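Report on one structure; see the data block that follows.
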Amino acid sequence: MTHAGAAAKPAGGGRVRSTVTVLRQRLPFTTGVTLAMLVLAVATGALWDAAEDRAVYPFVAYGLPSLEAGRWWTMVTGPFFAVIPWYYLPMVGSFALFAGFAEWKLGTRRAMAVTIVGQFVSVLVATQFLALSRNSGWLWAERVAGSLDVGFSGGALAAVAVATATLRPPWALRLRAGLCVYAGVAIVYVGTLADLVHFFALLLALPLGKRLVGARRSGGQAAPNLREWRVLAVAGLLLLTIAEIVMFLVPGDGPFGSDDGVSLSAPELGILILLVIPMLNGLRKGGRVAWRWAVALSAFVTVQGLAVATIVGIADIFGGDYDTAGLPLFFVDNLLWTVELAVLIAARHAFRVPSRRRLRRHAQGPGPALARNLLGRHGGSTLSWMTTWPRNTYFVREDGRSYLAYRRHAGVAVALGDPIAPDGTAAATVTEFAAMCENTGQVPCVFSATEATVAATRELGWQHVQVAEDNVLDLDGLEFRGKAWQDVRSALNKAAKQDIEFRLVRLADQPEPILAQVRALSEEWMSGKAMPEMGFTLGGVDEAMDPATRVGLAVDAEGTVHGVTSWLPVHTGAGKVGGWTLDIMRRSAHGFRPVMEFLIASACLAFREEGARFVSLSGAPLARSGDGFPARPVDRVLESLGRVMEPYYGFRSLHAFKAKFQPRHVPLYLAFRDEADLPRIGLALSRAYLPDVRLRQLAKLVSSSRAH
């Protein structure tokens, strides 16, 4: 306990020092301004007494009255304060988040310039807009022109708006849509001076983002694809729903007048929310049913607006009287619904995903027989034989000459390994698979893909992360000589002395006593595990019974089986098997100790005699050599997950054991569209590997692992 506690202190201190170093070196501007806000809040007492109630407030806050009175310094002092104490939490937090993000992406000098200039310009433009419009009879402009405000939010929003230009297209659109939803709801339905400053900050900064960032740092630009159209439709519907909630909870008098008579009643708002929530989820997936409901809702509101406009027009023509209260806001609200309707109609091609019932009806596709035929004809990777196992679904191109095997879990299509395809068509297979997933509302990804497939997904703008390493042993010239092979030679020699024989067989052809021992060894191995046997890329005795699979047995003179290995064929095309992949490894806890070294070495020699060029010792999930890997957040998550799973399955120990055979490492990757898909992909992979384990059980095991 003493040693553990002593070790924890420097580790915690090291993390603190590391954080301070990052803030000082990478985010000096954001850190400095944030600290200045907090220090001034404490020094002036604004952290516990509202600044707006103090006599000095007009000499600190910016706004049209301050500028007209010649208090220009308020443009400098105002950004460092909050109106009331509890505003410090969102003000300081949002500045640290937005300005920090911009500084990280743009660099300190550029982010500082954009933030400061964005603050000054957005405030100046807002105040000048009010100065020009306050005498026009616009009551809102006249009222807001006399108000003051504080805070650095205009500059922070301008900075994050410019920084969105550095993001890849999916993320850039998502963040911009979120910013526009916030600013749009705030200016139309609330309309304070701060909202006006935010509106102009985004209005000026978003179009200038790419130019200010530069072509080299720009995240690129692409025509909206299906996902982006869906994002736009969801953002619009979300904006309109939030607007209705804001009008109900915070009645106001914004730029377009009072919301009296415009806001919904509590029952109406409840019905709208109940309708919109499933619509948002369906639109996100591209569902046709959700699209129809969204079109119907938008069309209903649009027709309602047209009807009111017609009645008002007729009343004007015939000199009729009508109440104008709330009409401007009503028409603006209806105009926004009309824009949403136009987006939905323009993007109708993005919402063709059929209902679940229809998907299930058309889910029946080709089976393992076609997969084996194409695999034998074209060849595949060291994991390709696993695509012929049960529970796989097959995407086959229209020409019927190539396929990708995948499993469906949690709305994700997890493709296994490289496409099985003729030379030169693998990339097209991946592209069509991705399109199929988009058109059926599934999240596509490719698990355990090699470099060639990753290159194809990179053309689609996908990301990738290494999830394992294949351990490949070339058989040509293989000799167990030298110090590095000492353990292997020792295992072979001891087996000979103890009269233990190696048999390379087909398990289905073995007599019942041998089969019973193999099953007993497997059950013995699993009995020591806190979790059930894994599947997906890890086979068991059932898969080893396949006649195409070879099985290595270590049997002594009395017929006792000490260990079992199974080997999957690796097809290299034209019906030829060029190598074998190690799958199951089972040993008796009380039998011949170095039985695995003996079985693997003996199999390598036997396969070489048969003409095989290589064997794959397979890749242990979440295990790799660890040399020179980038420290991205997703890599750190996988590293942590590997540590959590180690006590239960020993993947890293297994990876270290395979190093005895001096293999060459071939990285295997998870290819995915973008980081937003990773949580669902993680859930899908857990269900693929452990289909019978509940999430509660997984969470309990993870917490138990951390406790130990």
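Heads up: the sequence shown at position 628 corresponds to 628 in the UniProt record's numbering, and the numbers run straight through without jumps. By construction, the Cβ of each residue, glycine as well, lies at the ideal position given by its N, Cα and C atoms. These figures come from a predicted structure and were not determined experimentally.
The C-alpha of Ala161 lies about 25 Å from the C-alpha of Leu678.
Following the DSSP letters along the chain, one finds Phe433 in no beta strand (DSSP E) but inside the alpha helix (DSSP H) bounded by residues Ala426 to Asn439. Here the C-alpha atom of Val561 lies approximately 26 Å from the C-alpha atom of Trp389.
DSSP, read as helix, strand or coil, puts Ile242 in helix.
The Cβ neighbour count for Met526, taken over all protein chains shown within 10 Å, is under 16; the residue is labelled exposed. Pro444 sits in a strand when the DSSP states are folded into three classes. For Leu97, the three-state secondary structure derived from DSSP is helix.
With respect to the 7 Å criterion, Ala183 and Phe200 are not classified as neighbours on the basis of their beta carbons. Residue Leu232 holds the alpha-carbon nearest to the alpha-carbon of Ile345 among Pro663, Gln466 and Leu232. In this structure, Gln662 sits near Ala484, with a CB-CB distance shorter than 7 Å. Its Cα nearest to that of Leu212, the residue Leu106 stands out among Leu106, Asp487 and Glu512. In the DSSP annotation of this structure, the continuous segment of the alpha helix (DSSP H) that includes Tyr182 starts and ends at Pro169 to Tyr189.
If you draw a straight line from the Cα of Met545 to the Cα of Asp487, it is about 30 Å long. Val551 has its alpha-carbon roughly 16 Å from the corresponding atom of Ser588. Across the structure, Gly682 and Ala307 are spaced so that their CA atoms are roughly 50 Å apart. The straight-line gap separating the alpha-carbon atoms of Phe330 and Glu244 is approximately 11 Å.
Within its own chain, the residues whose Cβ lies closer than 8 Å to the Cβ of Met247, once the five positions on either side in sequence are excluded, are Tyr189, Asp259, Val262, Ser263 and Leu264, listed in chain order.
Rounded to whole angstroms, the Cβ separation of Val454 and Ala671 is 6 Å, and the two are in contact under 8 Å. Rounded to whole angstroms, the gap between the alpha carbons of Trp48 and Pro90 is 15 Å.
Rounded to the nearest whole angstrom, the C-alpha separation of Ala688 and Val181 is 37 Å. Ala159 is the residue among Gly257, Pro255, Leu179 and Ala159 whose C-alpha sits nearest the C-alpha of Gly209. Assigned with DSSP and collapsed to three states, Ser133 falls in helix. Taking 8 Å as the upper bound for CB-CB distance, Leu124 and Pro65 are not in contact here, some 14 Å apart.
Ranking Gly579, Ala601, Phe256 and Leu599 by CA distance to the CA of Phe614 puts Gly579 first.
Looking at the backbone, the Cα of Met436 and that of Thr108 are separated by about 43 Å. Taking one beta carbon from each stretch, the segment 372-379 and the segment 394-408 have 3 or more pairs nearer than 8 Å; the two touch. In the DSSP annotation of this structure, the continuous segment of the alpha helix (DSSP H) that includes Val42 starts and ends at Pro28 to Thr44.
Counting only the Cα atoms, Val39 lies some 51 Å from His409. Inter-segment contact for the segment 268-282 and the segment 331-344 is absent: fewer than three beta-carbon pairs are separated by less than 8 Å. Three or more beta-carbon pairs separated by less than 8 Å link the segment 555-570 to the segment 499-518, which places the two stretches in contact.
Around the Cβ of Val83, a 10 Å sphere holds 16 or more other Cβ atoms; the residue is buried. Under the 10 Å beta carbon count, His378 is surrounded by 16 or more other beta carbons and is classified as buried. When secondary structure is reduced to three states using DSSP, Phe395 falls in the strand class. Around the Cβ of Pro444, a 10 Å sphere holds 16 or more other Cβ atoms; the residue is buried. In this structure, the straight-line span from the alpha carbon of Gln510 to that of Glu597 is close to 23 Å. Around the CB of Val56, fewer than 16 other CB atoms lie within 10 Å, so the residue is classed as exposed.
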